[in-house]
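Asker:
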Amino acid sequence: MSVILDLTIFPMDQGVSVSRFVAPIIGMIRDSGHAYRVSPMGTQIETETLPEALDIINRAQLLLGEFGCERIYVVSKFDIRQGPLGRLTGKIDSIRAHIGDLDSAAPLAS
Numbered sequence: 001m002s003v004i005l006d007l008t009i010f011p012m013d014q015g016v017s018v019s020r021f022v023a024p025i026i027g028m029i030r031d032s033g034h035a036y037r038v039s040p041m042g043t044q045i046e047t048e049t050l051p052e053a054l055d056i057i058n059r060a061q062l063l064l065g066e067f068g069c070e071r072i073y074v075v076s077k078f079d080i081r082q083g084p085l086g087r088l089t090g091k092i093d094s095i096r097a098h099i100g101d102l103d104s105a106a107p108l109a110s
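Numbering (the numbering used here), first residue to last: 1 to 110.
(1) Please tell me whether Leu63 and Pro24 are closer than 7 Å, where the distance is taken between their beta carbons.
(2) Starting from Pro40 and walking both ways along the alpha helix (DSSP H), at which residues does that stretch end?
(3) Measure how close the beta-carbons of Leu85 and Thr43 come, nearest whole angstrom, since I'm counting them as under 8 Å.
(4) Evaluate Phe21 with the Cβ neighbour count: other Cβ atoms within 10 Å of its Cβ, from every protein chain shown; 16 or more gives buried, anything less gives exposed.
(5) Just to confirm the assignment: which complete beta strand (DSSP E) runs, minimum length 3, are found wholly within the stretch 30-92?
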């Protein structure tokens with residue numbers, strides 16, 4: 001089975017810049033051994049089971065609690081499919097096969 005979790009999680013009570021809280025969550029995801037991709041608006045993680053994906057969400061909110069966060073915003077979406085892992089990159093490769101390069105032509109603001 002392949003479960004792709006699209007996760008956005010951050011504290012709502014710690015000011016406007018929350019990267020110091022999000023970074024440890026990304027570190028936890030990295031250290032979990034699951035395939036993942038970070039984007040400006042969230043992180044996509046691929047697991048073999050739904051309980052593994054739910055555990056990542058649980059661990060993320062526990063981390064924020066350890067940092068004193070009292071209000072946490074969470075959005076999660078799941079794509080659950082029978083079959084092998086590898087869809088995190090496979091879905092992107094499929095789009096590339098149809099239209100070619102996916103990189104934006106516009107420079108990123110710094």
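Glycine included, C-beta positions come from ideal geometry on N, C-alpha and C.
In this text the structure is predicted, and so the values were computed from the model without any measurement.
Answerer: For this structure:
(1) Yes, the pair counts as a contact, with Cβ atoms nearer than the cut-off.
(2) Note, Pro40: premise wrong, no alpha helix (DSSP H); not H, not E.
(3) That pair is no contact at about 17 Å.
(4) With 16 or more other Cβ atoms within 10 Å, it is buried.
(5) Listed in chain order, the complete beta strand (DSSP E) runs (minimum 3 residues) inside the stretch 30-92 are 35-39, 42-47 and 72-81.
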